[in-house]
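Participant:
Quick look at the structure:
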C-alpha cells in the first residue's frame with residue numbers, strides 16, 4: 210500500500226511539475242511540434258515493434274539455469290552498478306573545485322544518497338533471503354520501502370526530475386533535424402535561405418506570447 214500511495218502522489222507531482230514547465234511559450238512550442246513530428250506515420254511506417262503478451266511466452270528457460278539466475282538477480286546486478294556510479298559521482302563532486310563552488314547538499318548529494326540507500330537495502334534483502342534464512346527480513350523490507358517512498362516523494366522536486374524531463378529533449382533534436390528538410394525562409398534583402406520557415410513562424414509565435422512586466426513586447430521600438 211505504501212508503494213501505491215507514494216507512486217500516485219509522485220505521479221501527480223510529476224504531472225504538476227510538467228504542466229508548470231510547459232507553461233513557458235518556447236517549451237510549449239517545442240513540445241507541440243515534437244509530438245506532431247513523432248506522430249507522422251510516414252517516418253515510422255517501416256519500423257515494426259511487436260510484443261507478445263497475455264499468455265504468449267516471450268521466453269522459456271529452466272528455473273535453475275545460469276540464465277535464470279541472472280534474470281532473477283537482475284536487480285542485484287543493477288544495484289551494484291548504481292552504487293558504483295553514485296560513488297564515482299560523489300567522489301567527483303567532492304574533488305572538483307568548480308562543482309564544489311556551485312553544488313548544494315539537497316540538490317546534488319541527497320539524490321545519490323537515496324539511490325545508494327535503495328540499492329544497499331535491496332541487496333540486504335537478497336542476502337537475508339539467500340544466506341541468513343530470512344533474518345531481519347521484515348525490518349529490512351520496511352527500511353527499503355521507506356527509502357523508495359522518500360525517493361518517489363523527492364523525484365518531482367529535485368534533480369531526479371531530469372530522469373522524466375530529459376527524454377523530451379529528443380523532440381528538440383528531431384525538430385531541428387526535420388526543420389532542415391522543410392521549406393526554408395529567405396532573406397528579404399539578399400534572397401538567401403537562412404533558417405526553416407516553420408522555425409521562424411514558431412519564433413514569431415513565442416515572441417508574441419512573451420511579455421515584459423506583464424505587457425506585450427513592443428517591437429516597434431529600437
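Residue numbers (our numbering): 210 to 431. Glycine included, C-beta positions come from ideal geometry on N, C-alpha and C.
(1) Distance, Cα to Cα, residue 299 vs residue 287?
(2) Between residue 387 and the rest of its own chain, which residues show a CB-CB distance below 8 Å, the 5 nearest in sequence each way excluded?
(3) In this structure, does DSSP put residue 368 in helix, strand or coil?
(4) Could you check the C-alpha separation between residue 343 and residue 351 for me, to the nearest Å?
(5) Among the residues of its own chain, which have a CB less than 8 Å from the CB of residue 381, if the five just before and after it don't count?
(6) Can you pull the DSSP bridge partners for residue 394?
(7) Kindly indicate which residue of 355, 307 and 310 has the alpha-carbon position closest to the one of residue 214.
(8) From residue 322 to residue 277, what does the alpha carbon distance come to, in whole angstroms?
(9) At a cut of 8 Å, does the stretch 399-412 reach the stretch 355-366 through at least three beta carbon pairs?
(10) As a quick exercise: from 211, 217, 218 and 236, pick the residue whose alpha carbon is nearest that of residue 379.
(11) How would you label residue 430, buried or exposed, when you count the other beta carbons within 10 angstroms and need 16 or more for buried?
(12) What is the DSSP secondary structure of residue 344, counted as helix, strand or coil?
(13) Return the Cβ separation of residue 291 and residue 328 in integer angstroms, given the expectation that the two are a contact with Cβ distance under 8 Å.
(14) Where does residue 322 sit, in a helix, a strand or coil, going by DSSP?
(15) Ends of the alpha helix (DSSP H) at residue 151?
Facilitator: Checking against the coordinates, here is how it stands:
(1) As a working note, residue 299 is residue 90 in the chain shown. As a working note, residue 287 is residue 78 in the chain shown. Approximately 18 Å between the Cα atoms of the pair.
(2) Along the chain shown, read from residue 1 onward, the residue named residue 387 stands at position 178. Hits under 8 Å: 246.
(3) Position 159 of the chain shown, counted from the first residue, corresponds to residue 368. It is helical.
(4) For this step, residue 343 is matched to residue 134 along the chain shown. For this step, residue 351 is matched to residue 142 along the chain shown. So the alpha carbons of these two residues sit roughly 14 Å apart.
(5) Sequence index remark: in the chain shown, residue 381 carries index 172 (1-based). 239 and 243.
(6) Working through the chain shown from its first residue, we reach residue 394 at position 185. The partner list for residue 394 (beta bridge, DSSP) reads 404.
(7) Residue 214 sits at position 5 when you count from the first residue of the chain shown. When each option's Cα is compared against that of residue 214, the closest is 355.
(8) One-based indexing of the chain shown puts residue 322 at position 113. One-based indexing of the chain shown puts residue 277 at position 68. C-alpha separation (whole angstroms): 31 Å.
(9) no
(10) Position 170 of the chain shown, counted from the first residue, corresponds to residue 379. The option with the nearest alpha carbon to residue 379 is 236.
(11) Sequence index remark: in the chain shown, residue 430 carries index 221 (1-based). Model confidence at residue 430 stands at a pLDDT of 44, short of 50, so the residue's coordinates are unreliable; what they give is reported in the following sentence. Residue 430 comes out exposed.
(12) Taking the chain shown and counting its residues from 1, one reaches residue 344 at position 135. Correct three-state label for residue 344: coil.
(13) As a first step, residue 291 must be located in the chain shown, where it is residue number 82. As a first step, residue 328 must be located in the chain shown, where it is residue number 119. Rounded, the Cβ-Cβ distance is 5 Å, consistent with contact.
(14) Within the chain shown, the letter at position 113 stands for residue 322. Of the three classes helix, strand and coil, the one that applies to residue 322 here is helix, per DSSP.
(15) The structure shown does not extend to residue 151, since the chain is modelled only from 210 to 431, so the question has no answer here.
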